[in-house]
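Chemist:
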Amino acid sequence: LFEHSSSTYTYLLADASSREAVLIDPVLETVDRDVKLIEELGLKLTVAANTHCHADHVTGTGLLKKRLVGVKSAISKHSGARADIQLSDGDKITFGKYWITVTETPGHTDGCVTYVTGDKAMAFTGDALLIRGCGRTDFQQGCSRRLYESIHQRIFTLPPHCLIYPGHDYKGQTVSTVDEERTFNPRLTRSLEEFVKIMENLNLPKPAKI
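Residues 1434 to 1643 in the numbering used here are what the sequence shown lists, from first letter to last.
1) In the DSSP assignment, what are the bridge partners of Leu-1591?
2) Assign Thr-1400 to one of three DSSP states: helix, strand, or coil.
3) Ordered along the chain, which non-local residues of its own chain (more than five positions away) have a Cβ less than 6 Å from that of Met-1632?
4) In angstroms, rounded to a whole number, what distance separates the CA positions of Lys-1469 and His-1541?
5) Hey, could you find the ends of the beta strand (DSSP E) Lys-1477 is sitting in?
6) At 3 residues or longer, and completely inside the segment 1487-1521: list those beta strand (DSSP E) runs for me, N to C.
7) Beta carbon of Tyr-1442, beta carbon of Gly-1605: below 8 Å?
8) Roughly how many angstroms lie between the CA atoms of Gly-1475 and Ala-1507, to the nearest whole one?
9) Report all residues from its chain with a CB closer than 6 Å to the CB of Arg-1587; omit the five preceding and five following residues, and keep chain order.
10) Given a cut-off of 8 Å, decide if Tyr-1531 and Asp-1465 are closer than it, judged by their beta-carbon atoms.
11) I'd like to confirm the pairing. Which residues does DSSP put opposite Gly-1559 in its beta bridges?
12) Go through its chain and collect everything with a Cβ distance to Ile-1518's Cβ below 6 Å, but skip five positions before and after it.
13) Once the 5 residues before and after Ser-1440 are set aside, which same chain residues still bring their CB inside 7 Å of it?
14) Taking the CB atoms as reference points, tell me whether Ile-1471 and Ala-1482 lie closer together than 8 Å.
15) Suppose you measure from the CA of Phe-1378 to the CA of Val-1546; what does that come to, to the nearest Å?
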């Protein structure tokens, strides 16, 4: 699910048997779309989880809780944001017989997490790891060194075939793999010091909604 103005991906995961579902990184402007899809599919949304506090859009978790009964919001305890569930490293969010595991991947922000499916076949990396890129580190407690270590030690150590689903993409790309990013990501194939220098010289404009 894609929101065009901020190029944000939202992910809906569900168990076909129990109909329980989890929504990752909902956006305020697309809550109507998400609710319609959830209702059309006959799903029961149990958790709306954010990968971090977003600077480029407003989360849709609050509105989802008003629109759908029984939904709980979730975010890292290090984010400084309020939520029903304050997540720690290693916590599990279950939906039916499936679950996603919380993996702390700070660097873009202090509270960034990656959600990894129980079979380690998929990782939802938020703004930590993008396809052939990564999240910026020049605001919101960003730290290039922490981000490099998070990606190399916590994401690149997942199975090579693990699918990477990012929080954003600005070129129409949708999915990559751990092996692809480890091999071809132009920032992350560099040394730590080279990476830090690259990140210090991006000179990007601030997001419109920060």
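In this text, a Cβ means the ideal position worked out from N, Cα and C, and glycines have one as well.
Since the structure is predicted, the reported quantities are computational estimates derived from the model, not experimental observations.
Modeler: From the atom records:
1) DSSP output for Leu-1591 lists no bridge partner at all.
2) There is simply no residue 1400 to check, as the chain begins at 1434 and stops at 1643 in what is shown.
3) Thr-1570 and Ser-1577
4) 32 Å
5) 1477-1482
6) 1505-1509 and 1518-1520
7) no
8) 22 Å
9) Thr-1536 and Thr-1538
10) no
11) Pro-1599
12) Lys-1505 and Ala-1507
13) His-1601, Asp-1602 and Tyr-1603
14) no
15) Because the chain here runs from 1434 to 1643, residue 1378 falls outside it and cannot be looked at.
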